[in-house]
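Residue numbers (this note's numbering): 255 to 806.
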């Protein structure tokens with residue numbers, strides 16, 4: 255008994271000696287910190303109360319001018335814009351939270367076209383505040399600095415097209431605004447590039463990085479559950495789906511069939527056609543959310559330093575798989591399992607095969623149960639995918655779109671005008687529907703702009719690859735490699751145009767920023783470990799225990 259007490263005392267002493275001693279704050283310093291925190295709370299309360307009062311007044315004025323559809327966005331807009339400018343770090347997290355629910359919020363608030371730009375109320379003031387801070391502190395806004403040259407090349411090419419092509423169209427415009435179309439097209443193409451800098455500067459340390467990562471997992475969990483609920487409501491008849499229509503309308507998603515969450519959907523099971531939007535505006539945006547979710551959940555499962563969050567990420571990935579089946583989206587059904595397998599190989603995780611036996615076994619059981627419970631549904635999805643592939647092979651479709659775009663711009667190396675193939679710009683002028691990304695870019699900015707875009711995304715991909723390969727921490731490196739695979743995939747993907755719309759238009763730049771931030775976090779940790787070698791040894795042993803925990 256005496257020996258055990260001595261041992262426990264020794265262990266406590268050793269723990270105290272090994273842990274770095276924090277310098278004790280003097281009474282004066284503690285009081286100063288308390289005063290600072292109290293002042294910040296008072297400032298926030300005062301600002302919020304003023305904004306709420308101003309928002310209510312503005313909302314009342316706008317209500318008499320344009321009704322409730324204008325009053326609500328106006329009142330909320332003034333509050334959100336000011337708070338996001340004042341508190342950019344919180345704005346970043348609010349922006350990330352809002353993205354997957356944007357489609358639901360838009361239609362809950364009346365479906366006003368202004369609400370389609372609501373997420374920019376979080377993003378734009380945050381980016382402006384960061385830019386001003388970087389200017390004051392003489393820090394580069396474009397990070398890493400090696401991205402400057404590729405960025406200026408693509409921006410210069412776009413501005414030439416905007417001035418020469420859209421400007422010329424503006425001179426003879428009748429009933430449209432070609433310059434406005436071009437500005438919207440530029441915003442869609444490069445508008446969220448500053449998000450890279452926002453992640454780089456506003457995520458201050460490793461703790462905040464893991465908060466952001468885990469937030470993504472929680473959002474995927476919530477959206478996945480809502481997707482299953484939406485399917486269940488349609489199945490049992492609480493939501494009617496696509497009814498009372500004939501002909502081609504039986505095969506088109508419609509807002510009239512909307513079911514609580516998200517936007518337009520298509521549900522005619524008697525015709526073998528289901529297209530669910532989840533929490534997004536359109537079904538195919540939901541498909542790309544599920545595809546993106548595969549990368550985030552995979553990274554968390556095999557990289558998070560907390561065993562608890564690795565376990566939580568497993569059902570998140572399972573929900574992604576289940577929704578890929580029930581959503582009716584062929585591209586999600588094909589790419590979600592395909593990218594899961596490719597991630598195992600490309601990130602080097604497949605070499606540790608024993609680690610994945612419980613994970614793969616768990617997924618196999620879940621999928622087998624789901625398939626056994628809904629054999630007809632699974633067969634319909636497979637038949638739909640095979641039928642679509644045979645009717646219109648993707649490679650033939652892409653080649654056809656390239657040929658059509660080339661014929662349209664063969665006389666102009668600077669394209670047919672920025673935004674002329676961007677759906678969101680159609681409110682300001684005529685646009686053309688081009689369903690593949692690189693032909694769409696070529697149609698808008700010509701062969702010169704297409705080459706500039708390839709240089710830009712190739713520069714990002716190459717610099718990101720070099721950056722993640724330098725990361726020494728095993729967990730951080732695995733996470734960064736998952737982000738790099740997503741960057742590689744989206745950079746050169748030309749089937750459809752995910753980079754034009756949510757959520758990929760945000761997640762692409764988000765992943766780039768997260769990868770570059772990981773290199774800074776790793777570098778800072780290495781510098782600390784050089785000063786304290788004992789701490790480095792303990793940390794490496796802890797990481798090893800966490801990474802092998804799934805084998806037990």
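For every residue, glycine included, the Cβ atom is placed at its ideal position computed from N, Cα and C.
Taking a contact as a CB-CB distance under 8 Å, the pair residue 495 and residue 454 does not count as one, their CB atoms being some 45 Å apart. Under DSSP, residue 508 forms a beta bridge with 519. Of the other Cβ atoms in all chains shown, fewer than 16 fall within 10 Å of the Cβ of residue 287; this residue is therefore exposed. Each of 697, 513, 485, 335 was checked against the Cα of residue 658, and the nearest Cα belongs to 697. DSSP, reduced to helix, strand and coil, places residue 635 within a helical segment of the structure shown. Boundaries for residue 529: no alpha helix (DSSP H) harbours it, while the beta strand (DSSP E) harbouring it runs 527–529, taken from the DSSP string. Boundaries of the alpha helix (DSSP H) around residue 780: 758–785. Note on geometry: alpha-carbon atoms of residue 718 and residue 507 lie some 38 Å from one another. The Cβ atoms of residue 533 and residue 357 lie closer than 8 Å to each other. Of all alpha-carbon atoms in 751, 557, 348, 565, the one lying nearest the alpha-carbon of residue 734 is that of 557. In this structure, 464 is the residue among 622, 637, 595, 464 with its C-alpha nearest to the C-alpha of residue 564. Of 549, 379, 639, the smallest CA-CA separation from residue 595 is found for 549. Between residue 782 and residue 765, the gap from beta carbon to beta carbon reaches 8 Å or more. Between the alpha carbons of residue 466 and residue 444 lies a distance of about 23 Å.
Going by C-alpha positions, residue 757 is about 45 Å away from residue 283. Per DSSP, the beta-bridge partners of residue 513 are 515.
Spatial neighbours of residue 552 in its own chain (CB-CB distance under 6 Å, excluding positions within 5 residues in sequence) are listed in chain order as 597, 736. In this structure, the CA atom of residue 510 is about 12 Å from the CA atom of residue 516.
Residue ranges of uninterrupted beta strand (DSSP E) with 3 or more members are absent from the region 431–476; none lies entirely inside it.
Under a 10 Å Cβ-count criterion, residue 586 is classified as buried, with 16 or more other Cβ atoms of the shown protein chains found around its own Cβ. Under the DSSP assignment, residue 696 falls in the alpha helix (DSSP H) whose first and last residues are 691–723. Residue 605 and residue 743 have their C-alpha atoms roughly 22 Å apart. When only Cα atoms are considered, residue 687 and residue 707 end up about 20 Å apart. Straight-line measurement puts the Cα of residue 654 at about 15 Å from the Cα of residue 643. In the three-state reduction of the DSSP assignment, residue 341 falls in the coil class.
Counting along the chain, the unbroken alpha helix (DSSP H) around residue 552 starts and ends at 537–557.
Taking residue 780 as the centre and dropping the five residues before and after it, the same chain places the C-beta of 726 closer than 7 Å to its C-beta, in chain order. The shortest C-alpha to C-alpha distance from residue 670 to any of 353, 285, 421, 333 is the one to 421. The beta carbon of residue 731 sits closer than 7 Å to those of 722, 725, all from its chain and outside the five residues before and after it, given in chain order. By the neighbour-count criterion, in which 16 or more other beta carbons inside 10 Å mark a residue as buried, residue 660 falls on the exposed side. Residue 530 counts as buried, since no fewer than 16 other beta carbons sit within 10 angstroms of its beta carbon.
Straight-line spacing of the CA atoms in residue 689 and residue 538 works out to 12 Å.
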